[in-house]
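Visitor: Following UniProt numbering, the numbering of the sequence shown begins with 1 at its first residue and continues without gaps.
Dumping the structure here so I can ask a few things about it.
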Amino acid sequence: MGIAVNGVDITDAEIGAELAHHGAAANPLQQAVHEVVLRRVLLDEADRLGIVAGDSTDDERIETLFACEVQVPEVDEPACRRYYDAHRAAFTRGERVEARHILFQVTPAAPLELLRETATLILDALRQSPERFGELARRYSNCPSGAVEGSLGQLGRGDCVPEFEAVLFRLAPGELAGRLVETRFGLHIVQVLRRLDGTLLPFDAVHGHVADTLRRQAWQRALHQYLRLLAGRAKIEGVELEGASSPLVQ
Numbered sequence: 001m002g003i004a005v006n007g008v009d010i011t012d013a014e015i016g017a018e019l020a021h022h023g024a025a026a027n028p029l030q031q032a033v034h035e036v037v038l039r040r041v042l043l044d045e046a047d048r049l050g051i052v053a054g055d056s057t058d059d060e061r062i063e064t065l066f067a068c069e070v071q072v073p074e075v076d077e078p079a080c081r082r083y084y085d086a087h088r089a090a091f092t093r094g095e096r097v098e099a100r101h102i103l104f105q106v107t108p109a110a111p112l113e114l115l116r117e118t119a120t121l122i123l124d125a126l127r128q129s130p131e132r133f134g135e136l137a138r139r140y141s142n143c144p145s146g147a148v149e150g151s152l153g154q155l156g157r158g159d160c161v162p163e164f165e166a167v168l169f170r171l172a173p174g175e176l177a178g179r180l181v182e183t184r185f186g187l188h189i190v191q192v193l194r195r196l197d198g199t200l201l202p203f204d205a206v207h208g209h210v211a212d213t214l215r216r217q218a219w220q221r222a223l224h225q226y227l228r229l230l231a232g233r234a235k236i237e238g239v240e241l242e243g244a245s246s247p248l249v250q
């Protein structure tokens, strides 16, 4: 069975033209199909509401539809302050940590499960004898930092991959991470030696940025809900849109 929206078939040519825009997607064909179907749903709704083409492009008709139908609540100062208080780390500048690690790199000769077993044994040994960190880093780390006892020097936010940073900036001085940290580089045992506190930017200095962030989040939520509502009303055959993501709702 082919794909149709409200009784009108979606053609292979439409999907093929959209496919060129989704090369980076995990499933380009699925993403292209979802996008074409959602666009057809939106244009049908524009027709129903009398948002006619005239000199307008389809994109302009969809923008007009959104402007008329998607209601976004105003962002007030209390909401901005709540966001600021809950995300103080994001507004702190100059925060740094001095850290060291032991890297167990995945290679064809060292599969992940074998590395995990070895790394877990060494982490357990360090829990018992943390003073051995430098010795074990020199012996086992697959990072050049192993030659200097695993030292990474001072690191700021943004200096390392997100999953590593997320652990790094939660540790207290002298604290050894209680679990292995997994990144695209492999498995890490991580310890923070010292912290340098940064400076929290005042609320007034970031108020505009916070308000813009909350407006964007509110718009995304409202748009997503609106698209789900329209898709639920439409007669869509040949494809399941539940859980689909689309650039229209990013």
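Cβ coordinates follow ideal geometry from the N, Cα and C atoms, glycine included.
From Leu-193 to Arg-132, what does the alpha carbon distance come to, in whole angstroms?
Guide: 14 Å
Visitor: Would you check if the distance between the CB atom of Arg-81 and the CB atom of Phe-203 is smaller than 8 Å?
Guide: yes
Visitor: What's the call for Gln-31, buried or exposed, on a 16-neighbour Cβ count within 10 Å?
Guide: When all chains shown are included, Gln-31 counts as buried.
Visitor: Could you round the C-beta distance between residue 261 and Leu-227 to whole angstroms and report it? I think they count as a contact, below 8 Å.
Guide: Outside the displayed span of the chain (1 to 250) sits residue 261, for which this structure offers no information.
Visitor: Which one of Arg-216, Gln-191, His-209 has the shortest CA to CA distance from Ser-173?
Guide: Checking the sequence shown, residue 173 turns out to be Pro, not Ser. For the residues Arg-216, Gln-191, His-209, the minimum Cα distance to Pro-173 belongs to Gln-191.
Visitor: Return the Cβ separation of Leu-155 and Leu-168 in integer angstroms, given the expectation that the two are a contact with Cβ distance under 8 Å.
Guide: 7 Å
Visitor: From Leu-248 to Glu-35, what distance separates their C-alpha atoms?
Guide: Only weak support is given to the placement of Leu-248: the predicted model assigns it a pLDDT of 48, under 50, and the value that follows is read from those uncertain coordinates. Each residue's Cα considered, the two are about 8 Å apart.
Visitor: Determine the contact status of Leu-152 and Ser-141, defining contact as a CB-CB distance below 8 Å.
Guide: no
Visitor: Would you mind stating whether Glu-45 and Leu-230 have Cβ atoms separated by less than 8 Å?
Guide: Yes, they are a contact pair.
Visitor: Reducing DSSP to helix, strand and coil, say where Phe-133 ends up.
Guide: helix
Visitor: Are there 16 or more other CB atoms within 10 angstroms of the CB of Leu-115, so buried, or fewer, so exposed?
Guide: buried
Visitor: May I have a chain-ordered list of the beta strand (DSSP E) segments no shorter than 3 residues that lie completely inside the segment 70-136?
Guide: If we require 3 residues or more, the beta strand (DSSP E) runs fully inside the segment 70-136 come out as 96-104.
Visitor: How would you call Val-8, buried or exposed, if buried means at least 16 neighbouring beta carbons within 10 angstroms?
Guide: exposed
Visitor: Assign Leu-112 to buried or exposed, taking buried as 16 or more other Cβ atoms, counted over all protein chains shown, within 10 Å of its Cβ.
Guide: Taking a 10 Å sphere around the C-beta of Leu-112, we find fewer than 16 other C-beta atoms and assign the residue as exposed.
Visitor: Rounded to whole angstroms, what is the Cα-Cα separation between Asp-76 and Phe-66?
Guide: 22 Å
Visitor: Using the three-state DSSP reduction, which class does Ala-4 fall into: helix, strand or coil?
Guide: strand
Visitor: When burial is assigned at 16 or more other CB atoms within 10 Å of the CB, is Cys-160 buried or exposed?
Guide: buried
Visitor: What does Ser-145 pair with, by DSSP beta-bridge criteria?
Guide: Partner(s): none; Ser-145 has no beta bridge.
Visitor: Going by DSSP in three states, Gly-150 sits in which element: helix, strand or coil?
Guide: coil
Visitor: For Gly-243, is the classification buried or exposed, using 16 other Cβ atoms within 10 angstroms of its Cβ as the cut-off for buried?
Guide: Confidence is the limiting factor: at Gly-243 the pLDDT is only 43, short of 50, which leaves the residue's position unreliable, though a coordinate-based value still follows. When all chains shown are included, Gly-243 counts as exposed.
Visitor: Can you find the residues in the same chain that come closer than 7 Å, C-beta to C-beta, to Gly-238, ignoring five residues on each side of it along the sequence?
Guide: Met-1, Gly-2, Ile-3, Ala-4
Visitor: How is Ile-189 classed by DSSP in three states: helix, strand or coil?
Guide: strand
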